[in-house]
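Take a look at the structure set out below.
In the UniProt record's numbering, the protein residues as written are 1 to 109.
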């Protein structure tokens with residue numbers, strides 16, 4: 001946040017923590033600095049008081065799009081990190097009779 005506005009916003013929020021305009025401006029400033037979670041909290045709080053406000057809905061949509069883009073980048077980045085998944089082959093059962101000898105099939109005697 002720019003220093004002169006930051007002080008005014010903080011002062012407004014110290015007097016009224018639910019000041020819709022101050023919360024919106026703080027959220028907007030934080031989102032412009034690349035943060036996503038703190039502005040989302042501010043915008044959701046404002047949305048409680050102004051659920052139909054198009055500016056709030058737009059900002060929340062922008063944050064959701066940004067989250068989706070980050071997720072896709074991370075997905076691509078980590079996709080081949082550990083190489084392909086190993087193929088799992090079923091193991092042959094190692095059956096033994098009561099004397100500890102390998103069991104034979106019915107026709108293997």
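Note that beta-carbon positions come from the ideal geometry of N, C-alpha and C, so glycine has one too.
Keep in mind the model is a prediction, meaning the values are calculated, not measured.
Go through its chain and collect everything with a Cβ distance to residue i's Cβ below 6 Å, but skip five positions before and after it.
{"i": "residue 9", "result": "22, 25, 26"}
Quick one: Cα of residue i to Cα of residue j, how far?
{"i": "residue 67", "j": "residue 61", "result": "10 Å"}
{"i": "residue 11", "j": "residue 39", "result": "18 Å"}
{"i": "residue 13", "j": "residue 46", "result": "13 Å"}
{"i": "residue 48", "j": "residue 90", "result": "55 Å"}
{"i": "residue 16", "j": "residue 73", "result": "39 Å"}
{"i": "residue 58", "j": "residue 7", "result": "26 Å"}
{"i": "residue 101", "j": "residue 81", "result": "45 Å"}
Once the 5 residues before and after residue i are set aside, which same chain residues still bring their CB inside 7 Å of it?
{"i": "residue 85", "result": "none"}
{"i": "residue 32", "result": "none"}
Step through the CB atoms of chain B and report whether any lies within less than 8 Å of the CB of residue i.
{"i": "residue 12", "result": "The chain labelled as chain B is not found in the depicted structure, where only one protein chain is given."}
Determine the closest residue to residue i out of the options, with distance taken between C-alpha atoms.
{"i": "residue 28", "options": "11, 17, 14, 5", "result": "5"}
{"i": "residue 121", "options": "58, 56, 14, 36", "result": "Because the chain here runs from 1 to 109, residue 121 falls outside it and cannot be looked at."}
{"i": "residue 64", "options": "43, 15, 100", "result": "43"}
Measuring from the CB of residue i, is there a heavy atom of the ligand MG at a distance below 7 Å?
{"i": "residue 97", "result": "Looking for the ligand MG in the displayed structure turns up nothing, as the structure carries no ligands at all."}
Closer than 8 Å by C-beta to residue i: which residues in its own chain qualify, once you throw out the five before and the five after it? Chain order, please.
{"i": "residue 56", "result": "24, 43, 46, 47, 50"}
Check: Can you list the alpha helix (DSSP H) stretches of 4 or more residues lying completely in the segment 34-83, in chain order?
Finding: 37-49, 54-79
Notebook entry, point to check: Is the segment 74-88 in contact with the segment 52-60, if contact means three or more CB pairs nearer than 8 Å?
Noted result: Cβ pair count under 8 Å is below three, so no.
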